[in-house]
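Enquirer: Below is one structure. I have some questions about it.
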């Protein structure tokens with residue numbers, strides 16, 4: 053009997069989508085992989101709603117309330133949640149704003165920034181409220197596995213999916229443990 | 712050398728000279744014990760605890776523990792490697808270490824030990840301390856976010872440069888790298904860019920202001936070689952380990 057495909061969901065919170073790019077950078081290895089997995093909600097599919105999944109890959113840390121809501125949805129729906137990349141693991145480059153107050157950051161960007169025209173801090177009610185600090189995702193939910201790197205190498209994505217398929221813990225060998 | 716002057720390290724017989732520590736004897740025997748704050752040219756500090764070993768029922772720092780005849784020392788055990796991993800994770804959590812933006816990434820001993828010990832995440836909640844940078848010196852830049860308080864710069868400055876410019880001040884979580892000048896700024900000291908202290912940092916806290924970000928990924932010290940194979944190297948020290 054043909055084995056059911058693993059359902060994989062992905063999202064980018066306070067990230068740059070670089071991790072998603074790296075995931076796709078596995079070249080021809082993605083062809084046999086597609087026989088084993090199917091994507092649920094993901095920027096790669098543009099599916100907007102999340103159903104129950106085997107693996108949730110979270111890129112990016114938490115910088116606003118929408119990030120928090122999505123992360124909790126993923127935790128509820130995904131059997132295995134993976135923190136993907138430096139930003140999910142320690143906040144990454146966006147967390148460098150943690151040195152400053154949120155107000156200082158907003159003023160620097162929207163009031164005093166170079167070339168700003170009609171300076172004002174955006175306040176549209178549809179914009180998600182920013183958090184005071186950018187946080188790693190494990191500060192809010194339990195994380196099962198971590199893929200370090202900025203971005204993690206494509207081989208590290210492949211290893212984590214193969215490990216889940218084979219029912220074993222992932223083993224990131226030396227070239228695949230990268231923090232940059 | 713008398714045959715009495717030897718001890719067992721992970722089952723290997725290691726000779727030592729009177730007055731040597733376990734770390735010094737191990738280094739001379741070509742055995743790598745993980746470490747961060749130790750450097751063979753300077754007095755031991757014993758602060759990072761990464762070189763902890765088991766010695767007859769106790770856990771001690773190899774860099775400060777005198778070698779003695781017939782000691783039975785264990786280093787490479789799963790328990791100690793796990794303890795070292797937690798120590799490294801704590802160092803990451805205590806500072807603000809954003810490797811992707813750091814000039815020292817790839818050549819950083821903290822990062823290299825993390826790679827070697829299999830670290831994938833912090834384990835601890837990040838402290839996110841607020842620490843001051845210092846760009847007052849014409850040739851050197853100080854990013855205290857990355858300081859691991861090993862005091863290697865302090866020891867190099869006092870013991871080698873004869874200047875005693877760099878030191879640690881404060882206690883516990885408030886400990887920080889300070890400079891001996893009335894203003895507290897490095898630019899108001901007689902620190903030189905060629906001082907040993909300016910080149911001893913095992914992480915990316917003390918950096919030259921020019922010539923950075925020129926080394927391609929893939930050619931850096933620890934890109935392909937784990938620290939237990941090549942030792943605690945700095946960019947300038949390729950070819951020799953400490």
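Protein chains in written order, with our numbering: chain A, 53 to 232; chain B, 712 to 953.
Note that the Cβ used here is the ideal one computed from N, Cα and C, for glycine as well.
Remember, it's a predicted structure, so these values are computed and weren't measured experimentally.
Quick check on residue 927(B): buried or exposed, where buried means 16 or more other Cβ atoms within 10 Å of its Cβ?
Expert: Taking the first residue of the second chain as position 1, residue 927(B) is located at position 216. With fewer than 16 Cβ atoms within 10 Å of its Cβ, residue 927(B) is classed as exposed.
Enquirer: Under 8 angstroms by Cβ, that's how I've got residue 896(B) and residue 886(B) pegged, so tell me the actual separation to the nearest angstrom.
Expert: Looking up residue 896(B) in the second chain gives position 185. Looking up residue 886(B) in the second chain gives position 175. No, residue 896(B) and residue 886(B) are not in contact; Cβ-Cβ is about 19 angstroms, not under 8 angstroms.
Enquirer: Let me check understanding here. Comparing Cα to Cα, which of 88(A), 196(A) and 153(A) lies closest to residue 109(A)?
Expert: The sequence position of residue 109(A) within the first chain is 57, counting from 1. It is 196(A) whose Cα lies nearest to the Cα of residue 109(A).
Enquirer: Which runs of the beta strand (DSSP E) at least 3 residues long sit entirely within the region 712-764 of chain B? Give them in chain order.
Expert: Taking only runs of at least 3 residues, the beta strand (DSSP E) segments lying wholly in the region 712-764 of chain B are 717-720 and 723-726.
Enquirer: By the three-class DSSP mapping on this structure, what secondary structure does residue 794(B) have?
Expert: Sequence index remark: in the second chain, residue 794(B) carries index 83 (1-based). Residue state, collapsed to three classes: helix.
Enquirer: So residue 113(A) and residue 65(A) are supposed to be a Cβ contact under 8 angstroms. How far apart are they, rounded?
Expert: Counting from one through the first chain, the residue named residue 113(A) turns up at place 61. Counting from one through the first chain, the residue named residue 65(A) turns up at place 13. The pair is a contact, with the Cβ atoms about 6 angstroms apart (cut-off 8 angstroms).
Enquirer: Between the region 97-108 of chain A and the region 157-171 of chain A, can you find at least three pairs of beta-carbon atoms closer than 8 angstroms?
Expert: No: fewer than three Cβ pairs fall under 8 angstroms.
Enquirer: Please name the residue or residues paired with residue 777(B) in a DSSP beta bridge.
Expert: Start at 1 with the first residue of the second chain, and residue 777(B) comes out as number 66. Looking at the DSSP assignment, residue 777(B) forms a beta bridge with 732(B).
Enquirer: Please go through the region 798-832 of chain B and give each complete alpha helix (DSSP H) segment of 4 or more residues, from N-terminal end onward.
Expert: Listed in chain order, the complete alpha helix (DSSP H) runs (minimum 4 residues) inside the region 798-832 of chain B are 820-827.
Enquirer: Which complete alpha helix (DSSP H) runs does the region 110-148 of chain A hold, if anything under 4 residues is left out?
Expert: 117-129 and 137-142, all fully within the region 110-148 of chain A.
Enquirer: DSSP on residue 102(A), reduced to helix/strand/coil?
Expert: Here residue 102(A) corresponds to residue number 50 of the first chain, with the count starting at 1. Correct three-state label for residue 102(A): coil.
Enquirer: Please check if any C-beta of chain B sits within less than 8 angstroms of the C-beta of residue 189(A).
Expert: What you label residue 189(A) is simply residue 137 of the first chain in a count that begins at 1. Closer than 8 angstroms: no.
Enquirer: For residue 95(A), which residues from the same chain have a beta carbon less than 8 angstroms from its beta carbon, with the 5 sequence-adjacent residues on both sides left out?
Expert: The residue labelled residue 95(A) in the question sits at position 43 within the first chain. Excluding positions up to five away in sequence, the list reads 62, 63, 64, 69 and 72.
Enquirer: Label residue 301(A) either buried or exposed according to how many other C-beta atoms from any shown protein chain fall within 10 Å of its C-beta, with 16 as the threshold for buried.
Expert: Nothing can be reported for residue 301(A), as the shown portion of chain A is limited to 53 through 232.
Enquirer: Which residues of chain B have a Cβ atom closer than 9 angstroms to the Cβ of residue 112(A), listed in chain order?
Expert: Working through the first chain from its first residue, we reach residue 112(A) at position 60. Those do not exist, as residue 112(A) stays about 13 angstroms from chain B at its closest Cβ, beyond 9 angstroms.
Enquirer: Residues of chain A with CB closer than 7 angstroms to the CB of residue 939(B), please, in chain order.
Expert: Taking the second chain and counting its residues from 1, the one referred to as residue 939(B) is at position 228. Correct list: empty, because the minimum Cβ distance to chain A is about 11 angstroms.
Enquirer: Just reading off the alpha helix (DSSP H) that residue 74(A) is part of, what are its end residues?
Expert: Locating residue 74(A) in the first chain gives position 22, counting from the first residue. Note, residue 74(A): alpha helix (DSSP H), 70-76.
Enquirer: So residue 804(B) and residue 835(B) are in contact, right, with Cβ under 8 angstroms, and what is the actual spacing, rounded?
Expert: Looking up residue 804(B) in the second chain gives position 93. Looking up residue 835(B) in the second chain gives position 124. Confirmed, about 4 angstroms.
Enquirer: Between residue 824(B) and residue 799(B), which are expected to be in contact by the criterion C-beta below 8 angstroms, what is the C-beta distance as a whole number of angstroms?
Expert: Locating residue 824(B) in the second chain gives position 113, where the first residue counts as 1. Locating residue 799(B) in the second chain gives position 88, where the first residue counts as 1. About 5 angstroms separates the two Cβ atoms, so the contact holds.
Enquirer: Going along the chain, which residues of its own chain have a beta-carbon closer than 7 angstroms to the beta-carbon of residue 843(B), five neighbours each way excluded?
Expert: Translated into the one-based positions of the second chain, residue 843(B) becomes position 132. Counting only Cβ-Cβ distances below 7 angstroms, and skipping sequence neighbours, we find 855.
Enquirer: Under 8 angstroms by Cβ, that's how I've got residue 756(B) and residue 862(B) pegged, so tell me the actual separation to the nearest angstrom.
Expert: On the second chain, residue 756(B) is found 45 positions in, with the first residue counted as 1. On the second chain, residue 862(B) is found 151 positions in, with the first residue counted as 1. With 8 angstroms as the limit, residue 756(B) and residue 862(B) qualify as a contact, their Cβ atoms being about 5 angstroms apart.
Enquirer: How many angstroms separate the CA atom of residue 801(B) from the CA atom of residue 830(B)?
Expert: Reading the second chain from its first residue, position 90 is the one you call residue 801(B). Reading the second chain from its first residue, position 119 is the one you call residue 830(B). Using only the alpha carbons, I get a separation of about 11 angstroms.
Enquirer: Classify residue 934(B): buried if its beta carbon has 16 or more other beta carbons within 10 angstroms, exposed otherwise.
Expert: Residue numbering aside, residue 934(B) sits at position 223 when the second chain is read from its first letter. Residue 934(B) should be labelled buried.
Enquirer: Under the three-state reduction of DSSP, which class applies to residue 198(A): helix, strand or coil?
Expert: Numbered from its first residue, the first chain carries residue 198(A) at position 146. Strand at residue 198(A).
Enquirer: Identify the contact partners of residue 1026(B) in chain A, using a Cβ-Cβ distance below 8 angstroms as the criterion.
Expert: Any question about residue 1026(B) goes unanswered here, given that chain B covers just 712 to 953.
Enquirer: So, residue 137(A) versus residue 210(A), is the Cβ gap smaller than 8 angstroms?
Expert: Residue mapping note: residue 137(A) aligns to position 85 of the first chain, counting from 1. Residue mapping note: residue 210(A) aligns to position 158 of the first chain, counting from 1. No. Outside cutoff.
Enquirer: Going by C-alpha distance, which of 67(A), 59(A) and 229(A) is nearest residue 85(A)?
Expert: As a first step, residue 85(A) must be located in the first chain, where it is residue number 33. Of 67(A), 59(A) and 229(A), the residue nearest in Cα terms is 59(A).
Enquirer: When you compare only the Cα positions, how much space is there between residue 117(A) and residue 216(A)?
Expert: As a first step, residue 117(A) must be located in the first chain, where it is residue number 65. As a first step, residue 216(A) must be located in the first chain, where it is residue number 164. Near 30 angstroms, if we compare the C-alpha coordinates of residue 216(A) and residue 117(A).
Enquirer: Beta-carbon separation of residue 746(B) and residue 726(B) under 8 angstroms?
Expert: The residue given as residue 746(B) occupies position 35 in the second chain. The residue given as residue 726(B) occupies position 15 in the second chain. Not closer than 8 angstroms, so no.
Enquirer: By how many angstroms is the C-alpha of residue 774(B) removed from the C-alpha of residue 712(B)?
Expert: Taking the first residue of the second chain as position 1, residue 712(B) is located at position 1. Taking the first residue of the second chain as position 1, residue 774(B) is located at position 63. Only weak support exists for where residue 712(B) lies, its pLDDT of 48 falling under 50; the value from the coordinates is given anyway. Distance between the alpha carbons of residue 712(B) and residue 774(B) is about 22 angstroms.
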